[in-house]
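Taking it in order: structure first as structure tokens, then the write-up.
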Amino acid sequence: MLTRTLFAVTLLLAAAGLARADQVVVVELYTSQGCSSCPPADALMGQLAERDNIIGLALHVDYWDYIGWEDDFADPAHTTRQRAYARAKGKKMIYTPQMVVQGETHIVGTKPMDLMDALEAHSEVRAPVSVLLERSGDRVELVARAEARVPRDMVVQIVTYIPRATREIRRGENAGRTLTYHNIVDAWRTIGTWNGTGVYRAAMRLPEDRPVVAIVQAPEQGPVLGAARLR
1209 MLTRTLFAVT LLLAAAGLAR ADQVVVVELY TSQGCSSCPP ADALMGQLAE
1259 RDNIIGLALH VDYWDYIGWE DDFADPAHTT RQRAYARAKG KKMIYTPQMV
1309 VQGETHIVGT KPMDLMDALE AHSEVRAPVS VLLERSGDRV ELVARAEARV
1359 PRDMVVQIVT YIPRATREIR RGENAGRTLT YHNIVDAWRT IGTWNGTGVY
1409 RAAMRLPEDR PVVAIVQAPE QGPVLGAARL R
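Letter by letter, the sequence shown follows residues 1209 to 1439 in this note's numbering.
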């Protein structure tokens, strides 16, 4: 199943004319080392991580830790973020693996065709906010501009992630497996809100060895309005 899924998504990504060169789509994967259904989605994230016009981010949740294996990438804040997405859609349940595309489209993380449909749909919509990131040593500067009508109180976020890591799972549903994870979020924080007027500027100190992503998102866990990345 995993091989067929990877083969399918490799062909789809290769064939897809996803977006203009200046348009990126953010894909959040909610996953866990303790989830037996997650490895195909984790491998799929590995494919997405290679794309320049897709910002794939793996957020490991903590609610599977009780079944015998504690995910060392898990963060309760990731679970909180996923629950906020569920509330925004009027849902009571959360699950893994789940992908949220551009903060708006929710899909099961093991369905590559559904993912491709979502990527193609969102890549055809020009982002209403342009985002630029620049780095000098550990100093990162962010500049954002509204290119169209935008909501008030947009949320400006900075994310850092680990590009790749491998773990030997010794207990739980995936016991005995060695699994590789990609674009593992290790910090996700809100740095401010913005009403879209003028130019938004911010500067921060961040680890030099971590890729950085900036995301401007509508309030109340709404759509992603603009994003950029420094690898």
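By construction, the Cβ of each residue, glycine as well, lies at the ideal position given by its N, Cα and C atoms.
Please return the same chain residues whose Cβ sits closer than 6 angstroms to the Cβ of residue i, not counting the five positions on each side in sequence.
i, result
"Arg1385", "Ile1377"
"Thr1304", "Tyr1238, Thr1239, Ser1240, Cys1243 and Cys1246"
"Pro1359", "Ala1426"
Kindly indicate the opening and closing residues of the beta strand (DSSP E) around residue i.
i, result
"Thr1401", "Thr1386 to Trp1402"
"Gly1264", "Ile1262 to His1268"
"Arg1347", "Arg1347 to Ala1354"
Give me the Cβ distance between residue i and residue j, rounded to the nearest whole Å; I'm assuming they're in contact under 8 angstroms.
i, j, result
"Asp1273", "Ala1282", "6 angstroms"
"Val1432", "Gly1311", "4 angstroms"
Report the rounded CA-to-CA distance for residue i versus residue j, giving the unit in angstroms.
i, j, result
"Ser1245", "Ile1302", "14 angstroms"
"Ala1229", "Ile1263", "In this predicted model, Ala1229 has a pLDDT of only 49, less than 50, meaning its place in the structure is not dependable; the value taken from the coordinates is given anyway. Approximately 13 angstroms between the Cα atoms of the pair."
"Ala1352", "Gly1430", "18 angstroms"
"Val1420", "Asp1346", "11 angstroms"
"Arg1343", "Ile1275", "41 angstroms"
"Leu1341", "Leu1350", "5 angstroms"
"Arg1409", "Arg1372", "30 angstroms"
"Tyr1389", "Gly1406", "39 angstroms"
"Leu1265", "Gln1290", "13 angstroms"
Out of the options, which one is the CA nearest neighbour of residue i?
i, options, result
"Asp1260", "Trp1402, Val1316 and Val1235", "Val1235"
"Val1348", "Pro1359, Arg1360 and Ile1366", "Ile1366"
"Asn1391", "Asp1322, Leu1438, Thr1405 and Val1364", "Leu1438"
"Gly1434", "Gly1317, Val1333 and Asp1394", "Val1333"
"Ala1335", "Gly1317, Arg1289, Ala1354 and Asp1322", "Ala1354"
"Pro1248", "Met1307, Thr1398 and Gly1380", "Met1307"
"Thr1318", "Gln1255, Leu1414, Tyr1293 and Asn1403", "Gln1255"
"Ile1370", "Val1364, Glu1381 and Asp1394", "Asp1394"
"Asp1280", "Arg1289, Glu1416, Asp1322 and Arg1375", "Arg1375"
"Val1364", "Pro1415, Ser1338, Leu1387 and Arg1379", "Ser1338"
"Asp1417", "Ala1411, Val1232, Glu1381 and Thr1368", "Thr1368"
"Glu1258", "Val1232, Met1412, Trp1396 and Ala1383", "Val1232"
"Ala1383", "Glu1278, Leu1267 and Arg1289", "Glu1278"
Can you list, in chain order, the residues of its chain with a C-beta nearer than 7 angstroms to that of residue i? Leave out the 5 residues immediately preceding and following it.
i, result
"Val1326", "First, the residue type needs correcting, since residue 1326 is Ala and not Val in the sequence shown. Correct list, in chain order: Val1309, Thr1313 and Ile1315."
"Thr1287", "Val1269, Asp1270 and Tyr1271"
"Asp1361", "Thr1401, Asn1403 and Pro1427"
"Glu1381", "Gly1242, Cys1243, Ser1244 and Ile1275"
Locate the alpha helix (DSSP H) running through residue i, then write down its first and last residues.
i, result
"Glu1328", "Pro1320 to Ser1331"
With 9 angstroms as the threshold, decide whether the Cβ of residue i is near any Cβ in chain D.
i, result
"Gln1310", "In summary, chain D is missing from the structure at hand, where a single protein chain is found."
Beta-carbon within less than 8 angstroms of residue i's beta-carbon, same chain only, minus the 5 sequence neighbours each way: which residues are those?
i, result
"Lys1300", "Ala1294"
For the ligand SAH, I want to know if residue i counts as a neighbour, meaning its beta carbon is within less than 8 angstroms of at least one of the ligand's heavy atoms.
i, result
"Glu1381", "As presented, the structure is devoid of all ligands, the ligand SAH included, so that no description of it is given."
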